[in-house]
Amino acid sequence: MGGLISFGGAMPTVGDECKETIDPATGVPEYHAPTVECDFMFTGGFIPGVDWVDKPLIQALIAFLLVGIVWLLASNKLRVIPSKAQFAAEYAYNFVRNGIARDALGPDYRAYLPLLMSLFFFLLLSNVFGITFLFMYPTAASIGYAWGLALLVFVVYNGAGIARHGARYFKNSLIPAGVPWPLLPIIIPIEFLSNFIIRPLTLGLRLFGNMFAGHIVILVFTVGGGWLLLYGAHASNRWGLVNNIAGGAALIFSMALFALELLIAALQAYVFTVLSAQYVASSLAEDH
């Protein structure tokens with residue numbers, strides 16, 4: 000149901016299952032529930048013949064450019080007595096520096112502060128796109144972007160550990176201090192899975208799962224509510240009024256879901272950045 004899927008915020012793929020169909024008995028569009036194929040898969044359209052330049056990629060590029068431009072402007076012409084814009088930028092900067100980087104990394108925080116700042120604000124903006132007019136899609140709801148960020152963090156925290164400890168980093172990661180040698184055949188595989196497999200896996204899945212679930216819930220209420228409100232009265236004379244009341248209630252309730260999704264967008268950006276800082280800190284530590 001192409002028109003109503005667009006009302007929910009996503010750009011449907013080209014396919015029969017995503018096209019709007021008309022009920023021949025009533026002459027109104029049939030209701031189709033949101034699906035992964037129609038609401039989370041994209042076929043480009045920005046450059047003819049180049050399918051990989053799609054909506055999530057454009058959003059990621061916009062978020063990247065906006066974060067860079069905003070912080071370049073914020074760092075220009077700083078004053079001793081800050082303006083409102085400078086105060087807001089300093090507050091955001093101090094939130095990441097003091098609340099995430101310095102708390103997790105201690106004296107080593109300065110080297111990793113640019114990464115953590117970029118991660119937090121890129122994710123915050125990308126997640127907020129899910130409830131923003133014209134976008135209406137969180138970038139991390141396409142799992143490749145969540146995996147890409149998790150891979151970046153994986154490379155950084157392992158690279159930090161190797162740079163600090165050399166080959167001893169792998170010993171630190173696989174053999175916790177004080178473990179009796181008879182337990183090593185059990186502990187080493189567990190530590191390997193924990194540090195090199197489960198960490199990046201859960202980091203990406205957590206971000207993707209929360210943004211995917213939030214978007215699909217909003218789609219259910221907005222698409223379903225919109226259909227009931229616009230076409231429900233035509234579907235059945237007996238239940239037309241009930242359908243319209245239910246549709247209006249669903250759209251009103253979706254406003255509360257938008258507020259909840261805003262909270263989740265900020266929370267997931269914070270959690271991802273905090274975990275990234277903690278993984279770097281554990282790699283730099285002498286013992287695990």
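Those letters in the sequence shown? Residues 0 to 287, per numbering that gives the first Met the number 0, in order.
Idealized CB from N, CA, C, for every residue including glycine.
Please read these numbers as outputs of a predicted model, since none were measured by experiment.
Asked: How many angstroms separate the CA atom of F169 from the CA atom of G105?; Found: 22 Å
Asked: Out of M40, S281, G43, S82, state which residue places its alpha-carbon closest to the alpha-carbon of S193.; Found: S281
Asked: Quick one: grab the DSSP three-state call for I130.; Found: helix
Asked: State the DSSP-derived secondary structure class of V222, mapped to helix, strand or coil.; Found: helix
Asked: Across which residues does DSSP place V241 in a beta bridge pair?; Found: Partner(s): none; V241 has no beta bridge.
Asked: Within the same chain, show all residues whose beta-carbon is closer than 6 Å to that of E190, passing over the 5 residues directly before and after it, in chain order.; Found: L173
Asked: Tell me, to the nearest whole angstrom, how far the beta carbon of A268 is from that of L115; I am working on the premise that it is less than 8 Å.; Found: About 11 Å separates the two Cβ atoms, so there is no contact after all.
Asked: Does I68 come out as helix, strand or coil in the three-state DSSP assignment?; Found: helix
Asked: Taking 6 Å as the limit between beta carbons, can you name the residues of its chain near G160, skipping five residues before and five after?; Found: Y168, S282
Asked: Give me the Cβ distance between L250 and G213, rounded to the nearest whole Å; I'm assuming they're in contact under 8 Å.; Found: With 8 Å as the limit, L250 and G213 do not qualify as a contact, their Cβ atoms being about 17 Å apart.
Asked: Taking the continuous alpha helix (DSSP H) assigned at W180, which residues delimit it?; Found: From DSSP, W180 is part of no alpha helix (DSSP H); its letter is neither H nor E.
Asked: Go ahead and label S74 buried or exposed: buried means 16 or more other beta carbons lie within 10 angstroms of its beta carbon, across all protein chains shown.; Found: exposed
Asked: Can you give me the Cβ contacts of I315 inside the same chain, cut-off strictly under 7 Å, excluding the 5 residues immediately before and after it?; Found: Shown here, the chain extends from 0 to 287; a query on residue 315 therefore has no answer.
Asked: Pull the bridge partners of P113 from the DSSP assignment, please.; Found: Bridge partners of P113: none, in fact.
Asked: Judging by CA-CA distance, which residue of A87, M135, G203, R163 is the nearest neighbour of M152?; Found: Correcting the residue type first, residue 152 is Val in the shown sequence and not Met. Looking at the Cα atoms, G203 is the closest of the given residues.
Asked: At the level of alpha carbons, what is the spacing between F41 and I197?; Found: 29 Å
Asked: Which residue wins for smallest C-alpha separation from V270, given the options A103, P184, K76?; Found: A103
Asked: Where I99 and R109 are concerned, what is the direct C-alpha to C-alpha distance, given to the nearest angstrom?; Found: 12 Å
Asked: Curious, which full-length alpha helix (DSSP H) runs of at least 4 residues does the stretch 56-101 contain?; Found: 83-95
Asked: Please report the Cβ distance between V95 and F121, rounded to the nearest whole angstrom; I am assuming they are in contact, meaning their Cβ atoms lie under 8 Å.; Found: Actually they are not in contact, since the Cβ atoms of V95 and F121 sit about 12 Å apart, beyond 8 Å.
Asked: Are S155 and V279 close, meaning C-beta to C-beta below 8 Å?; Found: With the sequence shown as reference, residue 155 is identified as Val, and Ser is not the correct amino acid for it. Yes, they are a contact pair.
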